[in-house]
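Numbering (the numbering used here), first residue to last: 3 to 98.
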């Protein structure tokens, strides 16, 4: 799992890794909690980060406290297949 930030170029690379959901998760579940590294100055909507069984997608938000929150619900047994993305850094966001 990684988020690489290139502030001078205005881009970031998001690759959150694949995993299997063992329990059901509700919208807004704090899914990943980073313990080190940069954090955004405000929440960043990451859009589609995973595909589940190739049928539908999952969205996430990178919170200003560094955690990743799942925007959609997930069912027990869902296998999250990674969708790495290169995306622009939103206007006004800095990293510290």
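The beta-carbon is built from N, C-alpha and C at its ideal position, and this holds for glycine as well.
In this text the structure is predicted, and so the values were computed from the model without any measurement.
Cα atoms of residue 57 and residue 85: separation of roughly 13 Å, rounded to the nearest angstrom. Listed in chain order, the non-local C-beta contacts of residue 77 below 8 Å within the same chain comprise 23, 26, local neighbours out to five positions each way being set aside. Per DSSP, reduced to three states, the secondary structure at residue 85 is coil, with no helix or strand assignment. Taking residue 68 as the centre and dropping the five residues before and after it, the same chain places the C-beta of 36, 41 closer than 6 Å to its C-beta, in chain order. Restricting attention to 62, 54, 55, the CA atom closest to the CA of residue 48 is found in 62. Between residue 9 and residue 91, the C-beta gap is smaller than 9 Å, which places the two residues in contact.
About 11 Å separates the beta carbon of residue 34 from that of residue 16, a gap too long to meet the 8 Å contact definition. From the listed residues 55, 43, 30, the smallest Cα separation to residue 74 is found for 30.
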